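Undergrad:
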Amino acid sequence: MDNKYMDNKYMDNNDFEDIIFIAKKLMGSILFNILTDRVKIIFPEGNYIKNLGGLYYKNIKTIILYKTIKEKALWNFFHELGHHVFDHPMYGRFFKFNYLWQAFRNYQNGSYSFELTTNQAKVSLSEFFSELFALYFICPSELINNDKRLFLEFKNAFNNVINFYIDYNKKLKNTNRELNND
Numbered sequence: 001m002d003n004k005y006m007d008n009k010y011m012d013n014n015d016f017e018d019i020i021f022i023a024k025k026l027m028g029s030i031l032f033n034i035l036t037d038r039v040k041i042i043f044p045e046g047n048y049i050k051n052l053g054g055l056y057y058k059n060i061k062t063i064i065l066y067k068t069i070k071e072k073a074l075w076n077f078f079h080e081l082g083h084h085v086f087d088h089p090m091y092g093r094f095f096k097f098n099y100l101w102q103a104f105r106n107y108q109n110g111s112y113s114f115e116l117t118t119n120q121a122k123v124s125l126s127e128f129f130s131e132l133f134a135l136y137f138i139c140p141s142e143l144i145n146n147d148k149r150l151f152l153e154f155k156n157a158f159n160n161v162i163n164f165y166i167d168y169n170k171k172l173k174n175t176n177r178e179l180n181n182d
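Taking my numbering, the leading residue of the sequence shown gets 1, the next gets one more, and so forth.
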């Protein structure tokens, strides 16, 4: 990954508890809690696959983050969380907006000045999304400068997730209240 994305003042950390704290600060508590509520996050000790910062296991909804160089630790967290969000049946639909496909084609054609951290981002929509997910939180100005509409689509999707979650919880509480009154 090019160091120009690592100008974020929080990037000096590689402690996994700090990563979670920083991610929560960058996302906001409400969004962080919503998007991490149904995923297990594991920080294993010991050996790991070289050059692999993390994995997302869709079937068991688990993010595994390996100890990596400090410049990539926070990026890896957001990238793997991006996979979880993109594949999540409740939240993923908010991010599958039509413009995402156009942006994906634009990236494949070299229309953006940023280089994402994985070559797979040019051939996989899920990888492309996960990289943009990380870019949105770590260096939003880079996304705004390259494609303001894409940034606004992400922002709108995050707002829709929060609103959906709030409405869903209100309905759930009302249903529980009605059941308790019967």
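All residues carry an ideal CB built from backbone N, CA and C; glycine is no exception. Please read these numbers as outputs of a predicted model, since none were measured by experiment.
For the ligand SAH, any of its heavy atoms closer than 7 Å to the Cβ of T117?
TA: The model on display carries no ligand, and the ligand SAH is accordingly not part of it.
Undergrad: With H, G and I counted as helix, E and B as strand and the rest as coil, what does DSSP make of I60?
TA: If DSSP states are grouped into helix, strand and coil, I60 belongs with coil.
Undergrad: The alpha helix (DSSP H) spanning K24 covers which residue range?
TA: Element bounds for K24: F16 to M27.
Undergrad: Could you give the residue range of the beta strand (DSSP E) that holds K40?
TA: Residues K40 to I42.
Undergrad: Pull up the distance between the alpha-carbon of K173 and that of Y165, whole angstroms please.
TA: So the alpha carbons of these two residues sit roughly 12 Å apart.
Undergrad: Considering Cα atoms alone, identify which of D37, F32, I20 and L65 is closest to E45.
TA: Among D37, F32, I20 and L65, the Cα nearest to that of E45 belongs to L65.
Undergrad: Starting from the Cα of S113, find the closest Cα among S141, V123 and N76 and give me that residue.
TA: Closest option to S113, Cα to Cα, is S141.
Undergrad: Helix, strand or coil: which one does DSSP assign to D7?
TA: Note that D7 scores a pLDDT of 41, beneath 50, so its modelled location is shaky and nothing firm can be said.
Undergrad: Give me the Cα-Cα distance between F104 and L179, rounded to the nearest whole angstrom.
TA: So the two alpha carbons sit approximately 47 Å from each other.
Undergrad: Would you check if the distance between the CB atom of H79 and the CB atom of A23 is smaller than 8 Å?
TA: No; because the gap between Cβ atoms is not below 8 Å, this pair is not in contact.
Undergrad: Pick out the complete beta strand (DSSP E) segments inside the region 74-124, 3 residues or longer, and give them in chain order.
TA: Counting only runs of 3 or more, we get nothing.
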